[in-house]
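Undergrad: Chains X and Z, in that order, give the protein sequences.
Numbered according to the numbering used here, the first sequence spans residues 766 to 1102.
Numbered according to the numbering used here, the second sequence spans residues 766 to 1102.
2 protein chains.
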Amino acid sequence: MTEGVSRRQSTLDEVAELAGVSRSVASRALNNAPHVSRAKREAVERAVRQLGYVPHPAARALATRQTGAAALVVSGEDPSIFADPFFAQVIVGASAALEDADLHLMLCLAASDRGRKRVEQLLRSKGADGVMLMALREDDPLARMAEGAEMPVVFGGRPVGLDPRWYVDVDNVGGARAATEYLIASGRTRIATICGRLDTEVGRARYRGYRDAMLAAGLEPYPPEGGDFTEPSGSAAMAALLARHPGLDGVFAAGDNMAAGALRTLREAGRPVPSDVAVVGFDDLAVSRMADPPLTTVHQPIEGLGREMARMLVAIIDGQDPTPLILPTRLVTRASA
Amino acid sequence: MTEGVSRRQSTLDEVAELAGVSRSVASRALNNAPHVSRAKREAVERAVRQLGYVPHPAARALATRQTGAAALVVSGEDPSIFADPFFAQVIVGASAALEDADLHLMLCLAASDRGRKRVEQLLRSKGADGVMLMALREDDPLARMAEGAEMPVVFGGRPVGLDPRWYVDVDNVGGARAATEYLIASGRTRIATICGRLDTEVGRARYRGYRDAMLAAGLEPYPPEGGDFTEPSGSAAMAALLARHPGLDGVFAAGDNMAAGALRTLREAGRPVPSDVAVVGFDDLAVSRMADPPLTTVHQPIEGLGREMARMLVAIIDGQDPTPLILPTRLVTRASA
DNA sequence: CTGGGAACTGGAAGCGCTCCCAGTCTTCCG
DNA sequence: CGGAAGACTGGGAGCGCTTCCAGTTCCCAG
């Protein structure tokens, strides 16, 4: 019961000595491996408690060649891309799943060259047991590094032009199609789109979904009006759209932040939503509920994305070979469309 | 030039052998320590490049007793508290500063008991070189753990009832006072407040600032109407306030999310902002710019908070003893007040 | 009572790196 | 030209843990 508060960090040797067993037995007891008699196991446990012993992670890592950590790397030249609440939710999910596997989470914001270099080091030095990779753009140097890495790598969202072995993605095409179809079903015919960066697979997939739905309904898809998933870019794109196609009566924005920006521009332009222009977003971020009017949007399981990525990674680390996963999306109708 | 792509991870011994030097020299060359002749240093560098050698972090950690990582732990029983974009910004700042010091970022969301246990292990096993601690509540078990830890600990925001040696905080009292004074200066007299959790120092400090300003102006401060920094809580608190004090003409909300909620309730209640009720928030999150009307709020340097925490931690790790830091806040006037 | 196997035990060899230290080689001053 | 300060060098002892393996002990069928 006497929680030891020894100054110096105690070692396994000390535990073994106090328990009157050899270091090997103590080690086995600790990792509850077989071949330890009940008596000694208990003696070791007692000693551990008495000494307040905690194994030294580095030593263990060195011996087992496992670090006990997984990395989540977020690519993007501007670190503020990470400020998008999207990532926070991914992290919540990933963190929970990693906790279940008793792995620590290392976070790498690979924005600068320096940051990328460090990620590369991490990959090559086996500084983690596995990596989750997010927000890759076309020709992202991180993709190549990851390919070469001898380490489990799970992609969050498919990277452009690559077909990785392990990834978790969201049904972007289906979601975008559903959103557009909803707009069409509500009687809109001049439906434009504000799309995300087209050098990302998300951006492309959502545009593809929009276009598919338009074509299927015999409508003319608008050319992509580009945003970068941020609120200001959505606002600007909406303004451009309004200037070019004043007669539009519907907008599918490939992200809620952009949709919020579009809403702001429409409000400022005196175009009531949804009576004049209907707007549908994508993501179902908190902002969609707080927007005015509340945003009809495509819900995607963001936390689930993080969770599944982590789970998949854990499975790979455990020697399994899970199959890629595509998470479903679903339309959430609110007031904006 | 031949980037080696050896399957197995190469070791320092191999580098040394290839360079024709001893392991010691190779090690010194790598860490550019003194006592290595120019020739050998170059030979080592060449060998490193040829082998694509990257030092093994665990081995290094074991030998140096330094892990090369710092942890950011966010406390809170509900992991979704972390979804607040506030933390994302803190992370961006901290990440950048840690990168400068070549430290990795470990993220711990200490929500469950299990999570807390893991943090404790981390603290006691020296699994990181230092820790940044955020969002502590009154009687947070994490505080005690941190006190006992023989590891540099920097607090982000002062914890309730403790006076830690190292912390970075934001001038919450001053910011809240400025916000309230602004409301007063604009002629409002019946100014209520929606405060944050009063079991956190932030919540208390902001209420104190509000109260100070009210008293100084000879006005009667309203009793704290409680929120928990989330949008729904702000909305609910506003509704309660409206029911209790229909005549109020100003509200200071101790957080932008809550302010956004208040705005929503006011809109739904048909109380125009700011003509009828003026609203000031705190945080200057993205939502404040996107709100309708755009929110007058107290800007706090969130990324700076993260950055300074990390810098302070690095300084401590380097053996210095920096003094606590209180970052300034400043009022940003927009349309809501 | 035996022999044989299963269950247990602890010595020892690493894991890959750092760093102390004793020894070697320069170099330069008196 | 002798010698010592000073710059280099590499051997070796760890850092704390896991794990292989040879040796012990124990139990039970024969």
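For every residue, glycine included, the Cβ atom is placed at its ideal position computed from N, Cα and C.
With which residues is Z:T1181 paired in a DSSP beta bridge?
TA: Residue 1181 of chain Z lies beyond the stretch modelled for chain Z, which goes from 766 to 1102, so this question has no answer here.
Undergrad: Exposed or buried, what is X:Q854 when buried is set at 16 or more other beta-carbons lying within 10 Å of its beta-carbon?
TA: For the purposes of this step, residue 854 of chain X is identified with residue 89 of the first sequence, where counting begins at 1. Buried.
Undergrad: So, do the stretch 1085-1099 of chain Z and the stretch 1054-1062 of chain Z have three or more beta carbon pairs nearer to each other than 8 angstroms?
TA: Verdict: yes, contact present.
Undergrad: Please state if the CB of X:A893 and the CB of X:A836 are separated by a distance shorter than 7 angstroms.
TA: Here residue 836 of chain X refers to the residue found at position 71 when the first sequence is read from its first residue. Here residue 893 of chain X refers to the residue found at position 128 when the first sequence is read from its first residue. In contact: X:A836 and X:A893 (Cβ atoms closer than 7 angstroms).
Undergrad: Please state the DSSP three-state secondary structure of Z:T776.
TA: The residue given as residue 776 of chain Z occupies position 11 in the second sequence. In the structure shown, Z:T776 sits in coil (DSSP, three-state: anything other than H, G, I, E or B).
Undergrad: Under the rule that 16 or more other beta-carbon atoms within 10 Å means buried, what is Z:S1053, buried or exposed?
TA: The residue you call residue 1053 of chain Z lines up with position 288 of the second sequence. It is buried - the Cβ of Z:S1053 has at least 16 other Cβ atoms within 10 Å.
Undergrad: Could you confirm whether any beta carbon from chain Z is found closer than 7 angstroms to the beta carbon of X:L872?
TA: Locating residue 872 of chain X in the first sequence gives position 107, where the first residue counts as 1. X:L872 counts as touching chain Z.
Undergrad: How should Z:L980 be labelled, buried or exposed, when 16 other C-beta atoms within 10 angstroms of its C-beta is the threshold for buried?
TA: The residue given as residue 980 of chain Z occupies position 215 in the second sequence. The residue in question, Z:L980, is exposed, as its Cβ has fewer than 16 Cβ neighbours within 10 Å.
Undergrad: Roughly how far, in whole angstroms, is the beta-carbon of Z:P1044 from the beta-carbon of Z:L1028, given that I think they are within contact range, below 8 angstroms?
TA: Taking the second sequence and counting its residues from 1, one reaches residue 1044 of chain Z at position 279. Taking the second sequence and counting its residues from 1, one reaches residue 1028 of chain Z at position 263. One point to set straight first is that residue 1044 of chain Z is Val, not Pro, in the sequence displayed. Yes, they are in contact, since the Cβ atoms of Z:V1044 and Z:L1028 sit about 6 angstroms apart, within 8 angstroms.
Undergrad: Does the contact criterion of 3 or more C-beta pairs under 8 angstroms hold for the stretch 1007-1027 of chain Z versus the stretch 895-911 of chain Z?
TA: Taking a cut-off of 8 angstroms for Cβ pairs, the stretch 1007-1027 of chain Z and the stretch 895-911 of chain Z do not touch, as fewer than three such pairs fall below it.
Undergrad: Rounded C-beta distance between X:L898 and X:G921? I'm assuming under 8 angstroms.
TA: As a position in the first sequence, residue 898 of chain X is number 133, starting the count at 1. As a position in the first sequence, residue 921 of chain X is number 156, starting the count at 1. Between X:L898 and X:G921, the beta carbon gap of about 7 angstroms places them in contact (Cβ cut-off 8 angstroms).
Undergrad: Excluding the five sequence neighbours on either side, which residues of its own chain have a C-beta within less than 6 angstroms of the C-beta of X:I1121, listed in chain order?
TA: Residue 1121 of chain X lies beyond the stretch modelled for chain X, which goes from 766 to 1102, so this question has no answer here.
Undergrad: Which bits of chain X does Z:R1029 rub up against, with CB to CB less than 9 angstroms?
TA: Here residue 1029 of chain Z is taken as the residue at index 264 of the second sequence, counted from 1. The answer, in chain order, is M1055 and D1057.
Undergrad: Out of X:R811, X:E864 and X:F1017, which has the shortest C-alpha to C-alpha gap to X:V1042?
TA: On the first sequence, residue 1042 of chain X is found 277 positions in, with the first residue counted as 1. Closest option to X:V1042, Cα to Cα, is X:F1017.
Undergrad: Could you spell out the range, first to last residue, of the alpha helix (DSSP H) harbouring Z:A1003?
TA: Working through the second sequence from its first residue, we reach residue 1003 of chain Z at position 238. Residue 1003 of chain Z is actually Met in this sequence, not Ala. Unbroken alpha helix (DSSP H) run through Z:M1003: E996 to R1009.
Undergrad: Ordered along the chain, which non-local residues of its own chain (more than five positions away) have a Cβ less than 7 angstroms from that of X:P822?
TA: Within the first sequence, the letter at position 57 stands for residue 822 of chain X. Excluding positions up to five away in sequence, the list reads G833.
Undergrad: Can you tell me where the beta strand (DSSP E) with Z:F1017 in it begins and where it stops?
TA: On the second sequence, position 252 is the one that residue 1017 of chain Z refers to. Note, Z:F1017: beta strand (DSSP E), G1015 to A1018.
Undergrad: Taking just the CA atoms, how far does Z:A875 sit from Z:V884?
TA: Within the second sequence, residue 884 of chain Z is the residue found at index 119, counting from 1. Within the second sequence, residue 875 of chain Z is the residue found at index 110, counting from 1. Looking at the two C-alpha atoms, the distance is approximately 7 angstroms.
Undergrad: So, do the stretch 971-986 of chain Z and the stretch 939-946 of chain Z have three or more beta carbon pairs nearer to each other than 8 angstroms?
TA: yes
Undergrad: Using 7 angstroms as the limit for Cβ to Cβ distance, is Z:A1034 near chain X?
TA: As a working note, residue 1034 of chain Z is residue 269 in the second sequence. Chain X, which has no Cβ nearer than 7 angstroms to the Cβ of Z:A1034, makes this no.
Undergrad: Using 8 angstroms for Cβ pairs, my map puts X:S792 next to X:L777. What's the rounded Cβ distance?
TA: Here residue 792 of chain X refers to the residue found at position 27 of the first sequence. Here residue 777 of chain X refers to the residue found at position 12 of the first sequence. With 8 angstroms as the limit, X:S792 and X:L777 qualify as a contact, their Cβ atoms being about 6 angstroms apart.
Undergrad: Name, going along the chain, the residues of the stretch 880-909 of chain Z whose beta-carbon falls closer than 8 angstroms to a beta-carbon of chain X.
TA: G880, R883, Q886, L887, R889, S890, K891 and G892
Undergrad: On a Cα-Cα basis, can you pick out the residue from X:A1004, X:H869, X:M916 and X:R1009 that is closest to X:K891?
TA: Taking the first sequence and counting its residues from 1, the one referred to as residue 891 of chain X is at position 126. The residue with the shortest Cα to Cα distance from X:K891 is X:M916.
Undergrad: Three-state secondary structure (DSSP) at Z:G841?
TA: Here residue 841 of chain Z refers to the residue found at position 76 of the second sequence. In this structure, Z:G841 counts as coil in the three-state DSSP scheme.
Undergrad: Starting from X:H821, find everything on chain Z with Cβ-Cβ shorter than 8 angstroms and list it in chain order.
TA: For the purposes of this step, residue 821 of chain X is taken as residue 56 along the first sequence, with counting starting at 1. Ordered by position in chain Z, the residues that pass the 8 angstroms Cβ test against X:H821 are L827, S890 and K891.
Undergrad: Looking at chain Z, which residues of the stretch 850-874 of chain X have a Cβ within less than 8 angstroms of any of its Cβ atoms?
TA: P850, F852, A853, Q854, I856, V857, S860, A861, E864, D867, H869, L870, M871, L872, C873 and L874
Undergrad: Of the residues that make up the stretch 971-996 of chain Z, which ones have a beta carbon closer than 7 angstroms to any beta carbon in chain X?
TA: E996
Undergrad: Which residues of chain Z have a Cβ atom closer than 7 angstroms to the Cβ of X:S1116, listed in chain order?
TA: In the structure displayed, chain X extends from 766 to 1102; residue 1116 of chain X sits before or after that span and is not available.
Undergrad: Which chain Z residues are close to X:Q774, counting only those with a beta carbon under 7 angstroms from its beta carbon?
TA: For the purposes of this step, residue 774 of chain X is identified with residue 9 of the first sequence, where counting begins at 1. Within chain Z, the residues near X:Q774 are K891.
Undergrad: Quick check on the burial criterion: 16 or more other C-beta atoms within 10 angstroms. Buried or exposed for X:E807?
TA: In the first sequence, the residue the question calls residue 807 of chain X occupies position 42. Exposed, by the Cβ-count rule.
Undergrad: By DSSP, does Z:M897 sit in helix, in strand, or in coil?
TA: Within the second sequence, residue 897 of chain Z is the residue found at index 132, counting from 1. Here Z:M897 sits in strand by DSSP.
Undergrad: So which residues of chain Z does X:T832 contact, with C-beta pairs closer than 8 angstroms?
TA: Here residue 832 of chain X refers to the residue found at position 67 of the first sequence. Those within 8 angstroms of X:T832 in chain Z are P822 and A823.
Undergrad: Would you list the residues sitting across from X:T958 in a DSSP beta bridge?
TA: Locating residue 958 of chain X in the first sequence gives position 193, counting from the first residue. The partner list for X:T958 (beta bridge, DSSP) reads X:F1017.
Undergrad: Under 9 angstroms between beta-carbons, which chain X residues line up against Z:A1024? List them in chain order, please.
TA: On the second sequence, position 259 is the one that residue 1024 of chain Z refers to. Under the 9 angstroms cutoff, chain X gives no residues; its nearest Cβ is about 11 angstroms from Z:A1024.
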